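So the sequence shown is numbered by the working numbering: it starts at 369 and just counts up by one.
Accompanying notes for the structure given below.
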Amino acid sequence: MATTLPRPRQSTKPPAGALPALPMAKSRKSTGGIATPTKSLRSPSGAVPSLPTLASASTTALPTSKANIATPAPQRTLRKAVSISSFPHPPSRMPSLPPSPLSGSVTPGRKSRTPQASKLSTSSSGNPSLLNSSGESKLIRSGAGNRVSDGLISVGSPTQSRSSSAQDSYSTSATTFDEPADPSITPTNDKRTSKGLDGKGNVIVSVRVRPDAGGNNGRPEGEWMVDNRRSLVAYRGKEGGDYYYDNVFSTHDDNSRVYDHSAKRLVRRVMEGYHGTVFAYGMTGTGKTFSMQGTASSPGVIPLAITDIFSYIRETPSREFLLRVSYLEIYNEKIHDLLSMGVEEDIKLREDSKRGVYATPLKEEIVQSPTQLLRVIARGDQARRTASTQFNARSSRSHAVVQIVVESRERTPGVPGSDSKRSGVLPGGVRVSTLSLIDLAGSEKAAETKERRQEGSHINKSLLTLGTVISRLSEHKDGKSADKDGKHLPYRDSKLTRLLQGALSGNSLVSILCTIATGAAGSSTTANTHIAETLNTLKFASRAKNNIVSHAKRAEEALGVGGEGGARVLLERYRMEILELRGQLETQSKNQGGKTDDAIKEKDEEEEKAREKEQEMRHEEQILEMQLARTALKERIEHLNRLILSSKSSGVNASGTYSALGIHPRYSASSMRSSTITSSGKSGLERKGSLASSSSTIGRKSIGPRHSSDGEPGSNEDDDGLGEFGDGMATLQAQNQALQSDLADKTRYIATLEKRLLQARRASSSRTSLGFASPNKSIMVGEDHSVSAILKEKDSEIAELRARLEDKDRMLTALRSAARSRDAAEGIESPRLESLKAEARHSLLHEGAASPPPQGALPDPPVMGGVPQSPRSMRTKSVDEMSRILDEMIQDRVETGHLVRGSRGSVRVVADRRPDGVGAHNVLGLQPLREASRSPVLRTESSADQAE
Ligand SMILES: Nc1ncnc2c1ncn2[C@@H]1O[C@H](COP(=O)(O)OP(=O)(O)OP(=O)(O)O)[C@@H](O)[C@H]1O
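Set out below in structure tokens:
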């Protein structure tokens, strides 16, 4: 909390700029027509003419005043009253005062002092005071002459003696005029003021005269005289006398001046570590509350003190401060907390060796700004009990005590320039001082109601006790609770004196502001009562000034939080608490940081595991996909192998001499011819025999009937045999069926591959996106490359299979066409069927460029254009068509690089086409497929090459 107080942090000097405006600042300025304290107080030492002697002033002062000053209306009464020479002589002995709570005993010896004696003593002593500006008395020389002061003509003072008056008035201690507070007080000055104190300078007694709202009511003007220049109040009436004080404020003095002269220095001392007490004492309706609180346009002691407190804080960057405030009232001898917001607690007074007497439990509020402090006090003011009395429509019916506790400590211990040397204390301790601002309830004689009387009784009793204590203080200068006769000072007789015990016994600087009203309204009885009360106030003030001795010392600095006193030092407690909390915060932060690191590490590990698991799953999926693809391809290979076997059974023997394309006349014929010529050079018939000896089961089967056909043609077995091999009818049907089933298989296979391709692409795209989101991108990218390579491979495989499928389709078309041609041929010449079959066989097996194709090798083409054609020409056309298709297929293969033509027209598989990617083919199971797919050709070509 202390750190939030508004003060500069860097600068070690007080801020030069203007302080922020406070709520009351304007109001204070608005009193402008009135001379400021500075001007009025500095003038005596300078340009002000010498004051006349008291005797001469009494007759000359008034005309001067009237001539030079436009005096405000309220001052007229006082001006008229000034005539000291006309004052009646006081009685030789002090008359017996009427019984009053404010009356007290008067020490006979004191009233016998003469002004001369007083002058001597004052001049010689110098009497430095904590509440003086420089610690030295500033004496007003006698015969100084007249001066103009604040609209009043002040008579010259014989000296600034407070010893006595000419009329048995009570003397006060030697007192000096205060200069306005000088912010540039140096530590040296402070030390000097602390030396040689007799305690009297630590008590300031001021009297303030309230303007008489109702005029003087015909009372003789000359009965009262107020001389603020001489700090004199004189009464010329019965039992009158001259009363000198430290300050006398006339009716036109405003709150600002009152504060500057009576409390400003004390407040500053409080900020420096002294305890200070300011209280207003006086009859009801005389202006106590007005002086202490003031108004919006004329702030009183309390708001002005608050302003100065914060000004001091701003001007003292070397220290840090903490302010807390409490506000209580004593009503009917009971203490109430005015800040408790209606929560009533039984508040007791306790005594502590370090704190003295204090009320507890009492709410204390820590304040950080003047506005906040003023608000707190205003809140307490609202709660204070007031009532209408004979002299005051809003009379305070309680004693109100505002207590501001100031804690301060060195901000930078040990730093050169700090005031630790001046304070003479170890740096680091906290200094606690207290400023008590007390607005007492007014004494009242004539209460009208029972309630008012009861209140008045308590008020009067407490004030009487206060007067008694102060009276006895003169007999007991050390302020202890026992007087010289062993009698106890009656502090405990009232809550008020109990609370003021510390201040009255000398532990505190004290400023007493007594308020009076010289105008007496009402009946003569009332007026007399009023005068008597005023005189009692003046006597109280005199006794207070004479009797109260303050040996106030700067509060010791408390170190740490240990001990009873230390426990009260909130500044230290808060600092320790802040340090402790910071430590806890750091510890928590560290723990939190450690935990966070662990949590992050754990999370990373979990994510890493999840990624690994996902990768494993992906690998498994890929493996599964590949296995599925492999299985599908294997199935396909097996199926194709079966198909190849079927093709071989359709037209190729076991030695591979014939391929599934053996039906192609040109291809198969040339192969057979080459083989025949190069190997044996035998005739076609012999070749037939060799063919018949081939190991193909089907061939053998077909050969058998052929031999029998040579002998007994037309048998069923022969027909079948011819049908399968010889005439091509059964073969074509079988091939047709095989190719159709093959087509269906391929279609299914392609659909399967496409499906798997689609799945693989989807998985790949999802993995790609996941992989880019993943921190391990490189891994995913690498995998994607392999997958994309696989996909490309699959695509190319599918394209190849489609190409083959198209080849098959073309073959199927050709076979269907051949079948139709055959059907047409059968319809034309049935008797020649056998010969056509023979020709067809011959054309298939012995096709040559020079020799005409054998008759009946393929079905005759249908009749074209309605023009009958000979069966031979139709067969020739059919065979040519087949040859053309096969040539185209072979050419395609050659062009795509799957086959190469031999020098003699043979074809063979390109040997070096095998991979670059044998492993990949193996992985996919594609290589067997390729090998299988071209195996017939390979075998055919190999055999052809061997034959060559
Ligand atoms: N110096 C002053 N100048 C102008 N008005 C004043 C002055 N002193 C007092 N008054 C007015 O007199 C009235 C009574 O003043 P105030 O209430 O301060 O008296 P009091 O001593 O506190 O009385 P009580 O003891 O009954 O509370 C108020 O209206 C106040 O404004």
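No residue lacks a Cβ here, since even glycine has one placed at the ideal position from N, Cα and C.
Note that the coordinates shown come from a computational prediction; the quantities given were computed from them, not determined experimentally.
Practice problem: Kindly identify the DSSP beta-bridge partner or partners of V917. | Solution: The sequence position of residue 917 within the sequence shown is 549, counting from 1. According to DSSP, which records beta bridges pairwise, V917 is partnered with nothing at all.
Quiz item: Can you pull the DSSP bridge partners for L805?
Solution: Sequence index remark: in the sequence shown, residue 805 carries index 437 (1-based). V646 and V770.
Quiz item: Thinking just about the alpha-carbon of each residue, which of R1188, A1193, D1191 and T1181 is nearest to the one in L1254?
Solution: Position 886 of the sequence shown holds residue 1254. Looking at the Cα atoms, T1181 is the closest of the given residues.
Quiz item: With respect to 8 Å, is the separation between the Cβ of G887 and the closest non-hydrogen atom of ligand 1 below this value?
Solution: Counted from its first residue, the sequence shown places residue 887 at position 519. No, the Cβ of G887 stays beyond 8 Å of every heavy atom of ligand 1.
Practice problem: Could you check if V575 is buried or exposed, using at least 16 other CB atoms within 10 Å of its CB as the buried criterion? | Solution: Taking the sequence shown and counting its residues from 1, the one referred to as residue 575 is at position 207. Around the beta carbon of V575, 16 or more other beta carbons sit within 10 angstroms, so the residue counts as buried.
Quiz item: For Y310, which beta-bridge partners are listed by DSSP?
Solution: This structure leaves residue 310 out entirely; the chain is present only between 369 and 1316.
Quiz item: Mapping DSSP to helix, strand and coil, what is P671?
Solution: Taking the sequence shown and counting its residues from 1, the one referred to as residue 671 is at position 303. Three-state DSSP puts P671 in a helix.
Practice problem: On the DSSP bridge assignment, give the partners of F689 in chain order. | Solution: In the sequence shown, the residue the question calls residue 689 occupies position 321. Per DSSP, S776.
Quiz item: Can you find a heavy atom of ligand 1 that lies under 8 Å from the Cβ of R576?
Solution: Walking along the sequence shown from the start, residue 576 turns up at place 208. Yes.
Quiz item: Can you tell which of K971, A997 and A923 has its C-alpha closest to the C-alpha of K1123?
Solution: Start at 1 with the first residue of the sequence shown, and residue 1123 comes out as number 755. The shortest C-alpha separation from K1123 is found at A997.
Quiz prompt | Cα-Cα separation, P671 to Q740 | solution = What you label residue 671 is simply residue 303 of the sequence shown in a count that begins at 1. What you label residue 740 is simply residue 372 of the sequence shown in a count that begins at 1. Distance between the alpha carbons of P671 and Q740 is about 11 Å.
Quiz item: D610 bridges to which residues according to DSSP?
Solution: By 1-based counting over the sequence shown, the position of residue 610 is 242. Per DSSP, the beta bridge partners of D610 are A602.
Quiz prompt | Exposure of E973, with buried meaning 16 or more beta-carbon neighbours within 10 Å | solution = On the sequence shown, position 605 is the one that residue 973 refers to. An exposed status is given to E973, since fewer than 16 other beta-carbon atoms sit within 10 Å of its beta-carbon.
Quiz item: Does the region 677-690 come within contact of the region 766-777, defined as at least 3 CB pairs closer than 8 Å?
Solution: Yes, the region 677-690 touches the region 766-777.
Practice problem: Please check the pair V735 and L707, which I expect to be a contact at CB under 8 Å, by giving their CB distance rounded to whole angstroms. | Solution: Within the sequence shown, the letter at position 367 stands for residue 735. Within the sequence shown, the letter at position 339 stands for residue 707. With a beta-carbon spacing of about 11 Å, V735 and L707 fall beyond the 8 Å limit used to define contacts.
Quiz item: What three-state label does DSSP hand L707 in the structure shown?
Solution: Taking the first residue of the sequence shown as position 1, residue 707 is located at position 339. Secondary structure at L707: coil, using DSSP grouped into helix, strand and coil.
Practice problem: Starting from M660, trace the alpha helix (DSSP H) both ways and give me its first and last residue. | Solution: Mapped onto the sequence shown, residue 660 falls at position 292. It spans K656 to M660 - the alpha helix (DSSP H) in which M660 sits, taken as one unbroken run.
Quiz item: Within this structure, are the beta carbons of L834 and S862 separated by less than 9 Å?
Solution: The count along the sequence shown starts at 1 and reaches residue 834 at position 466. The count along the sequence shown starts at 1 and reaches residue 862 at position 494. Result yes, Cβ atoms of L834 and S862 sit closer than 9 Å.
Self-check item: Pick from W592, S1109, T1120 and L803 that is closest to K1176, judged by C-alpha positions
Solution: Along the sequence shown, one-based indexing puts residue 1176 at 808. Out of W592, S1109, T1120 and L803, S1109 has the C-alpha closest to the C-alpha of K1176.
Exercise. Report back the beta-carbon spacing between D1317 and S666 to the nearest angstrom; my notes put them in contact at under 8 Å.
Key: Because residue 1317 is not part of the residues shown, which for the chain are 369 to 1316, the question remains open.
Quiz item: So does T836 have its beta carbon nearer than 8 Å to some heavy atom of ligand 1?
Solution: To locate residue 836, count along the sequence shown from 1; it is residue 468. Outside the cutoff, so no.
Quiz item: DSSP three-state call for A1141: helix, strand or coil?
Solution: Working through the sequence shown from its first residue, we reach residue 1141 at position 773. Note on A1141: pLDDT 44, under 50, position unreliable in the model; no value is reported.
Exercise. Using the Cα positions of S599 and E697, report the straight-line distance between them to the nearest angstrom.
Key: Here residue 599 is taken as the residue at index 231 of the sequence shown, counted from 1. Here residue 697 is taken as the residue at index 329 of the sequence shown, counted from 1. Their backbone Cα atoms lie some 31 Å apart in a straight line.
Quiz item: CA-CA distance, V878 and N959?
Solution: The residue you call residue 878 lines up with position 510 of the sequence shown. The residue you call residue 959 lines up with position 591 of the sequence shown. V878 and N959: Cα-Cα distance of roughly 55 Å.
Quiz item: Does the beta carbon of R682 sit closer than 9 Å to a beta carbon anywhere in chain D?
Solution: Given the protein chain composition of this structure (a single chain), no chain D is represented.
Quiz item: Between L805, V917, I946 and R943, which lies nearest to L881 when the distance is taken from Cα to Cα?
Solution: Here residue 881 refers to the residue found at position 513 when the sequence shown is read from its first residue. Minimum Cα distance to L881 is reached at L805.
Quiz item: In terms of residue numbering, what span does the alpha helix (DSSP H) encompassing E732 cover?
Solution: Taking the sequence shown and counting its residues from 1, one reaches residue 732 at position 364. That residue, E732, is in no alpha helix (DSSP H); it is neither H nor E in DSSP.
Quiz item: Can you name the residues that DSSP bridges to E1256?
Solution: Taking the sequence shown and counting its residues from 1, one reaches residue 1256 at position 888. Looking at the DSSP assignment, E1256 forms no beta bridge with any residue, so it has no partner.
Exercise. Just the C-alpha distance for M593 and E812, rounded to the nearest angstrom, thanks.
Key: Within the sequence shown, numbered from 1, the residue matching residue 593 stands at position 225. Within the sequence shown, numbered from 1, the residue matching residue 812 stands at position 444. Looking at the two C-alpha atoms, the distance is approximately 24 Å.
Quiz item: Can you find a heavy atom of ligand 1 that lies under 8 Å from the Cβ of A648?
Solution: Sequence index remark: in the sequence shown, residue 648 carries index 280 (1-based). Yes.
Practice problem: Specify whether the region 718-735 and the region 650-664 touch according to this definition: at least 3 beta carbon pairs, one from each stretch, less than 8 Å apart. | Solution: The way I'd put it, the region 718-735 doesn't touch the region 650-664; fewer than three beta-carbon pairs between them come closer than 8 Å.
Quiz item: Going by beta carbon distance, what residues of the same chain come within less than 6 Å of Y627, once the five residues before and after it are set aside?
Solution: The residue you call residue 627 lines up with position 259 of the sequence shown. The residues are V669 and L672.
Quiz item: Does ligand 1 have a heavy atom nearer than 8 Å to the CB of A809?
Solution: Translated into the one-based positions of the sequence shown, residue 809 becomes position 441. A809 has its CB nearer than 8 Å to a heavy atom of ligand 1.
Quiz item: In or out: S756 buried (at least 16 other Cβ within 10 Å) or exposed?
Solution: Here residue 756 refers to the residue found at position 388 when the sequence shown is read from its first residue. Flag for S756 reads exposed.
Practice problem: Grab me the residues of T754's own chain with a C-beta within less than 7 Å of its C-beta, minus the 5 sequence neighbours each way, in chain order. | Solution: In the sequence shown, residue 754 corresponds to position 386, counting from 1. Correct list, in chain order: R762, S763, S764 and R765.
Self-check item: Buried or exposed (CB count within 10 angstroms, at least 16 for buried), V348
Solution: The displayed coordinates of the chain run from 369 to 1316. Any statement about residue 348 would go beyond what the structure contains.
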